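Everything in the sequence shown is counted per numbering that gives the first Met the number 0, starting at 0 for the first residue and increasing by one. Quick reminder that beta carbons are idealized off the backbone N, C-alpha and C, glycines included. Source: prediction; values computed, not measured.
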Amino acid sequence: MERCAARRAPEEERRVRANAREYNEKFQYASNCIKTSKYNIVTFLPVNLFEQFQEVANTYFLFLLILQLIPQISSLSWFTTIVPLVLVLTITAVKDATDDYFRHKSDNQVNNRQSQVLIGGVLRQEQWMNVRVGDIIKLENNQFVAADLLLLSSSEPHGLCYIETAELDGETNMKVRQAIPVTAELGDTSQLARFDGEVICEPPNNKLDKFGGTLYWKESKYPLSNQNMLLRGCVLRNTEWCFGLVIFAGPDTKLMQNSGRTKFKRTSIDRLMNTLVLWIFGFLVCMGVILAIGNAIWEHEVGVCFQIYLPWDEGVHSAFFSGFLSFWSYIIILNTVVPISLYVSVEVIRLGHSYFINWDKKMYCAKRRTPAEACTTTLNEELGQVEYIFSDKTGTLTQNIMVFSKCSVNGHSYGDVQDMLGHKAELGERPEPVDFSFNPLADPRFQFWDPSLLEAVKLGDLHVHEFFRLLSLCHTVMSEEKSEGELLYKAQSPDEGALVTAARNFGFVFRSRTPKTITVHELGQAITYQLLAILDFNNIRKRMSVIVRSPEGKIRLYCKGADTILLERLHPVNQDLSSITTDHLNEYAGEGLRTLVLAYKDLEESYYKDWSERLHRAGSAPEAREDHLARLYDEVEHDMMLLGATAIEDKLQQGVPETIAILTLANIKIWVLTGDKQETAVNIGYSCKMLTDDMTEVFVVTGHTVLEVREELRKAREKMMDASRSVCNGFSYQEKLSSKLTSVLEAIAGEYALVINGHSLAHALEADMEAEFLETACACKAVICCRVTPLQKAQVVELVKKYKKAVTLAIGDGANDVSMIKTAHIGVGISGQEGIQAVLASDYSFSQFKFLQRLLLVHGRWSYLRMCKFLCYFFYKNFAFTMVHFWFGFFCGFSAQTVYDQYFITLYNIVYTSLPVLAMGVFDQDVPEQRSMEYPKLYEPGQLNLLFNKREFFICIAQGIYTSILMFFIPYGVFADATRDDGAQLADYQSFAVTVATSLVIVVSVQIGLDTGFWTAINHFFIWGSLAAYFAILFTMHSDGLFRMFPNQFRFVGNAQNTLAQPTVWLTIALTAVVCIVPVVAFRFLKLDLKPELSDTVRYTQLVRKKQKTQHRCMRHAGRVGSRRSGYAFSHQEGFGELIMSGKNMRLSSLALSSFAPRPSTSWIDTLRKKKGCEGSSASSPSGAADKTLRV
């Protein structure tokens, strides 16, 4: 992210005066223009070339080009280097320009959005980019907030407005913001035009939940907090209009402060290639020095004797200087060990892999008409090396749609559908949903599958009636009736909306409310309850209650909350019912549903009156108000009667549990980083099977201070160490730990999970504690970070990148995920319901989380495999080609003469060997895609970087050097005594060059045939076509026709025809090919037989199955074991109940309603992983003996 304006000095405080642009402009605040692009028309060429020449290889080839322009040392024409160099620079520049064009397009789309700005007392339509700090702007319902605003007034009573903050924190439940009273009445544009208040506040920062400032107006000052702010990226909901004063604009907004900078991403193979290029250049210099010394010695000892007919070049006066020039000549000749065509080929292969992702029909979402898209072409092979996935929750793992799924009422469970035989029906066998047509106020979108619950309602089951009565009364939902019978519920959380909607469909319709009443239609009869008190929800209480008086005068308390809290507060007579309900809760939680327990209590009039008086005194207490209220709430919420329990499904995206399970089998660690509540996140962890009851322990870190967090992390590590000691037969844990944190995973036995809150994470990410946090987290199978800010998400990713040296992938769907997506090695955007910011910032995008499995295990693994095989072969063929010049130097007086003619050197990497290796790099497979998904362990070689590393590189160049030795010395030895058919000597330079070149092309073609694991028609065409092209071009260049047209360029007329007509030459070529290839075939056969890799075993298994004509094995989906009931199904904001009771959020029309009558296996990879740990480190976790407690 860059600014449209120039950089400014850091602010200590911000001063903003309303309706005073001239005053505010002297501070040079940033405009509301957003710029995420890197270039413009003027800067593109110099900046892009500067970036490209930071690549070691491009600088290296530019250096070679300069050398080739010097006639005294150049043995090759300059066009052999400049043409491919310009081609590479052009291709990369076009790709970068295309990427930046889309950034410009996105910036323009955002900057040109329209906003109503109050200028000169009149509202004018202005583009977002023209909004300035100090402007007053008007927002209307469902509009995005253009900048960070101080809320001045709104259409709602008391200056309230409702916002959705999904772009900031991923939460789609509504939040309440309120203008300060002194400005809440400024609803008229003329009044706002005269408003000249000045705000002094904190400077721009990235803290989404904090704001501090003061408003100075009319010689008074008013404190400002986050509750008075509307942040950019929020959406105005259920509010007709509001006015706000721009405090922070553009890059200073909290959204952009959290978005992070766009980082240039490079793969680990790219970084390794830079290192290898330096090594190869060093090797090249060594060869040049050896040959230069040889040249100096030869010229001094032998060359001086032939000065008459082999004089030195002009300017050369000594053997030493001749050797110096020879050094540079050999640098040019031997530079083909790293040809620039390598980089062209790499870009072409990556482009092909990107198109495969774009064209994959199995990653296409027909519902949204959204294909998968590779937004970059440079990271494909890194998709095959991912070790850590950082995922958002809302919209990524879940659909954020809450569905009333099951319930338990008076010991009877409802929600399971049974077939005609009384067995539980499967999903595909479900009958028609329950018919709610009897209820004219039912929500037509609500579906329930168990008709017995509706029958119980119709039969007058008192417990069921009381159950739904509680759901219709105990909530903070607001109701709006747009037309007769058309109800719209405004729920602060989707959980509450689902519960109230369920009660509505079963005949208990919440119709309206005032500060003191709630009107419910119970089975068609309108009943108004007097609302006496709302005992509000908070994270400590984990429950909420309402106290109502029925029309009969009976006072009753209704309560809903987490089972761990409510079951302890029941009357002893509920023991048997509690036991049955607990079994139901376990069953529901085992299915990943979010559970709540419902209870009630009748209150005596005299007790309530006394309690109410004490509540009033506590509410007005000057000190410890919350403590007094908590004690009174606790007092009345005891000895309650159990009604039952609800189970809500937070609908996961399709295939999420299966995808996580398979990625876990591929040894990929998945961390969930969410802005949602702890309980909600933990529930989803169980739903998607990241957390299970089989885990040894789940650690929850909730400390508010550095010392508390450090102590909780220490205790977690100690517990894991103790378990590890007991498994490792007495070996000390400390003895096994090296200085690197990577050994922890091998040392810890058992399965653990870590859950940490945002305020605790802030301390854990401090410099002196980050290593302890990472050590603890990496020892756990699952990590969930709750209530985290967008910047914290990025910090967690950066921490893992810093210490683990592992490839990271971040996946999210909202603007709050952009920073994390930019920080990770690979960013994936979900094109979901939270806008397209994540997609625009991502490297890859698709519509559903389940496609991540295919992206990594199929496309990623294949891309890594193909790139590694391509690089290994490329280095092999080029060392085999180039090193022949080195050996020839010892037999040509170190004169920098080439073995091959100039055209063969130019065409070798462009025509003769380019297409076969490209075909292998684009199309090759070791196993089919079905087997890649079926055997996740096939993914691990990429994580361990086994297929291309320094060791594999040295093996490739050793094979290339071995081939070059045979390629040179076998023809040299044969030609020493060989004769033609007519008895003439065969050993001339041109015939030797043709023989060596032909041997080389045949050997490398056979070698790529051996390396190719998946043959297509394109592979056949390219390999055999390249051989045919070689012979066609060879005979053409040695033909009479070309000689007549270009006699100075093609002198060796008929040489190829004469040479290849000799049987001796073909026998020499055949002998060279056999001696080069047979050892490779023998080695691979022995390796396959004695130490096969997993992919070899999979291929063999597939071959056996085909022969036996049996069906392939289907993956078995294991049933999920029971999960802890860790969450509760409502997540609204504390204080909302008090707001309702005050009446501040009631419209006049709502208040008026009260005056009217209501209307009607162990592999070789595992062995490699265990080298650092003890033998017991791979033991499975203890089965049932270990504690399965949720530790807080």
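1. Leaving aside the five residues before and after Asn-948 along the sequence, list all residues of the same chain whose C-beta is less than 8 Å from its C-beta, in chain order.
2. For Glu-125, which residues does DSSP report across the bridge?
3. For the stretch 498 to 537, list the beta strand (DSSP E) runs that are entirely contained and at least 3 residues long, ordered along the chain.
4. Going along the chain, which unbroken runs of the alpha helix (DSSP H) with 4 or more residues stay wholly within the stretch 230 to 283?
5. Considering Asp-1010, what are the terminal residues of the alpha helix (DSSP H) in which it resides?
6. Return yes when the Cβ of Gly-941 is within less than 7 Å of the Cβ of Phe-869, no when it is not.
7. Buried or exposed for Asn-57, going by 16 or more other Cβ atoms inside 10 Å?
8. Note the first and the last residue of the continuous alpha helix (DSSP H) segment covering Pro-180.
9. On a CA-only basis, which of Asn-18, Ser-30 and Ala-665 is nearest Phe-247? Give me that one, please.
10. My output table needs one value for His-411: the three-state DSSP class, helix, strand or coil.
11. The alpha helix (DSSP H) spanning Gln-1107 covers which residue range?
12. Give me the Cα-Cα distance between Thr-518 and Ser-511, rounded to the nearest whole angstrom.
13. Leaving out the 5 sequence neighbours to the left and right, which residues in its chain are closer than 8 Å to Ile-825 when beta-carbon positions are compared?
14. From Tyr-308 to Cys-891, what distance separates their C-alpha atoms?
15. Tell me which same chain residues have a C-beta within less than 8 Å of the C-beta of Glu-313, skipping the five on either side of it?
16. Please classify Tyr-387 as buried or exposed, where buried requires at least 16 other C-beta atoms within 10 Å of its C-beta.
17. With DSSP run on the structure shown, which of helix, strand or coil describes Phe-194?
18. Do Leu-854 and Tyr-938 have their C-beta atoms within less than 7 Å of each other?
19. Please tell me whether Ile-661 and Val-700 are closer than 7 Å, where the distance is taken between their beta carbons.
20. Anyone know if the C-beta pair for Asn-273 and Leu-63 falls short of 7 Å?
21. Starting from the C-beta of Ser-963, find all residues in its chain whose C-beta is less than 8 Å away, skip the five residues before and the five after it, and write them out in chain order.
22. Measuring alpha carbon to alpha carbon, tell me which residue in Val-1005, Thr-164 and Gln-126 is nearest Ile-1068.
23. First and last residue of the beta strand (DSSP E) that includes Arg-13?
24. What is the rounded straight-line gap between the Cα of Ser-404 and the Cα of Thr-516?
25. Identify the continuous beta strand (DSSP E) that holds Thr-695 and give its terminal residues.
26. Near Ser-114, which residues of its chain fall below 7 Å by C-beta distance, leaving aside the five closest residues on each side in sequence?
27. For Trp-216, list the residues DSSP reports as bridge partners.
28. Determine the burial state of Lys-392: buried for a count of at least 16 other Cβ atoms within 10 Å of its Cβ, exposed for fewer.
29. Can you give the beta carbon distance from Ala-652 to Lys-849, rounded, assuming they're within the 8 Å contact cut?
30. Which residue spans inside the stretch 918 to 960 form an unbroken beta strand (DSSP E) run of at least 3?
31. Going by DSSP in three states, Arg-630 sits in which element: helix, strand or coil?
32. Considering Gly-552, what are the terminal residues of the beta strand (DSSP E) in which it resides?
33. How many Å lie between Glu-586 and Lys-688 at the Cα?
34. To the nearest angstrom, how far is it from the Cα of Ala-770 to the Cα of Thr-822?
35. Report yes if the CB atom of Gly-249 is closer than 7 Å to the CB atom of Leu-229, and no otherwise.
36. Which of the three DSSP states, helix, strand or coil, is assigned to Ala-1069?
For this structure:
1. One-based indexing of the sequence shown puts residue 948 at position 949. Contacts found: Leu-271.
2. For this step, residue 125 is matched to residue 126 along the sequence shown. Answer by DSSP bridge pairing, in chain order: Ser-114.
3. 507 to 512, 516 to 521 and 524 to 534
4. 253 to 256
5. Translated into positions along the sequence shown, residue 1010 becomes position 1011. From DSSP, the alpha helix (DSSP H) with Asp-1010 extends over 988 to 1010.
6. Counted from its first residue, the sequence shown places residue 869 at position 870. Counted from its first residue, the sequence shown places residue 941 at position 942. No, Cβ-Cβ distance for Phe-869 and Gly-941 is not below 7 Å.
7. The sequence position of residue 57 within the sequence shown is 58, counting from 1. Buried: at least 16 other Cβ atoms inside 10 Å.
8. By one-based count along the sequence shown, residue 180 stands at place 181. Element bounds for Pro-180: 180 to 183.
9. Locating residue 247 in the sequence shown gives position 248, where the first residue counts as 1. Per the Cα distances, Ser-30.
10. The sequence position of residue 411 within the sequence shown is 412, counting from 1. The answer is strand: DSSP assigns His-411 an E or B state.
11. As a working mapping, residue 1107 is identified with position 1108 in the sequence shown. Taken as a continuous stretch (DSSP letters only), the alpha helix (DSSP H) holding Gln-1107 covers 1093 to 1107.
12. Position 519 of the sequence shown holds residue 518. Position 512 of the sequence shown holds residue 511. The straight-line gap from Cα to Cα measures roughly 5 Å.
13. In the sequence shown, the residue the question calls residue 825 occupies position 826. Closer than 8 Å at the Cβ level, and outside the excluded window around Ile-825, lie Lys-264, Leu-378, Glu-381, Leu-382, Val-385, Val-806, Thr-807, Leu-808, Ala-809, Asp-842 and Tyr-843.
14. Locating residue 308 in the sequence shown gives position 309, where the first residue counts as 1. Locating residue 891 in the sequence shown gives position 892, where the first residue counts as 1. If I take the Cα positions, the gap works out to 16 Å.
15. Start at 1 with the first residue of the sequence shown, and residue 313 comes out as number 314. Nothing listed; no residue qualifies.
16. For the purposes of this step, residue 387 is taken as the residue at position 388 of the sequence shown. Answer is buried; the Cβ neighbour count reaches 16.
17. Against the sequence shown, residue 194 aligns to sequence position 195. Coil.
18. The sequence position of residue 854 within the sequence shown is 855, counting from 1. The sequence position of residue 938 within the sequence shown is 939, counting from 1. No, they are not a contact pair.
19. For the purposes of this step, residue 661 is identified with residue 662 of the sequence shown, where counting begins at 1. For the purposes of this step, residue 700 is identified with residue 701 of the sequence shown, where counting begins at 1. No, they are not a contact pair.
20. Residue numbering aside, residue 273 sits at position 274 when the sequence shown is read from its first letter. Residue numbering aside, residue 63 sits at position 64 when the sequence shown is read from its first letter. Not in contact: Asn-273 and Leu-63 (Cβ atoms no closer than 7 Å).
21. One-based indexing of the sequence shown puts residue 963 at position 964. Here the set comprises Phe-878, Ala-879, Phe-880, Thr-881, Met-882, Val-883, Phe-885 and Trp-886.
22. The residue you call residue 1068 lines up with position 1069 of the sequence shown. The candidate whose alpha carbon is nearest that of Ile-1068 is Val-1005.
23. Here the question's residue 13 lines up with position 14 in the sequence shown. Here the beta strand (DSSP E) through Arg-13 covers 13 to 16.
24. As a first step, residue 404 is located in the sequence shown; it is residue number 405 there, counting from the start. As a first step, residue 516 is located in the sequence shown; it is residue number 517 there, counting from the start. For Ser-404 and Thr-516, the distance between alpha carbons rounds to 29 Å.
25. Translated into the one-based positions of the sequence shown, residue 695 becomes position 696. Element bounds for Thr-695: n/a, residue is neither H nor E.
26. Translated into the one-based positions of the sequence shown, residue 114 becomes position 115. Around Ser-114: Glu-125, Trp-127, Val-130, Ile-136 and Ala-145.
27. For this step, residue 216 is matched to residue 217 along the sequence shown. Ser-219, per the DSSP bridge assignment.
28. The sequence position of residue 392 within the sequence shown is 393, counting from 1. Label assigned to Lys-392: buried.
29. Along the sequence shown, one-based indexing puts residue 652 at 653. Along the sequence shown, one-based indexing puts residue 849 at 850. The amino acid occupying residue 652 in the given sequence is Gln; Ala does not appear at that position. That belief holds up - the Cβ atoms of Gln-652 and Lys-849 are roughly 7 Å apart, short of 8 Å.
30. none
31. In the sequence shown, residue 630 corresponds to position 631, counting from 1. Helix.
32. By 1-based counting over the sequence shown, the position of residue 552 is 553. Where Gly-552 is concerned, there is no enclosing beta strand (DSSP E), given that its DSSP letter is neither H nor E.
33. Residue numbering aside, residue 586 sits at position 587 when the sequence shown is read from its first letter. Residue numbering aside, residue 688 sits at position 689 when the sequence shown is read from its first letter. Distance between the alpha carbons of Glu-586 and Lys-688: 15 Å.
34. Your numbering for residue 770 matches position 771 in the sequence shown. Your numbering for residue 822 matches position 823 in the sequence shown. About 19 Å.
35. Counting from 1 along the sequence shown, the entry for residue 249 is found at position 250. Counting from 1 along the sequence shown, the entry for residue 229 is found at position 230. Result no, Cβ atoms of Gly-249 and Leu-229 do not sit closer than 7 Å.
36. Locating residue 1069 in the sequence shown gives position 1070, counting from the first residue. Of the three classes helix, strand and coil, the one that applies to Ala-1069 here is helix, per DSSP.
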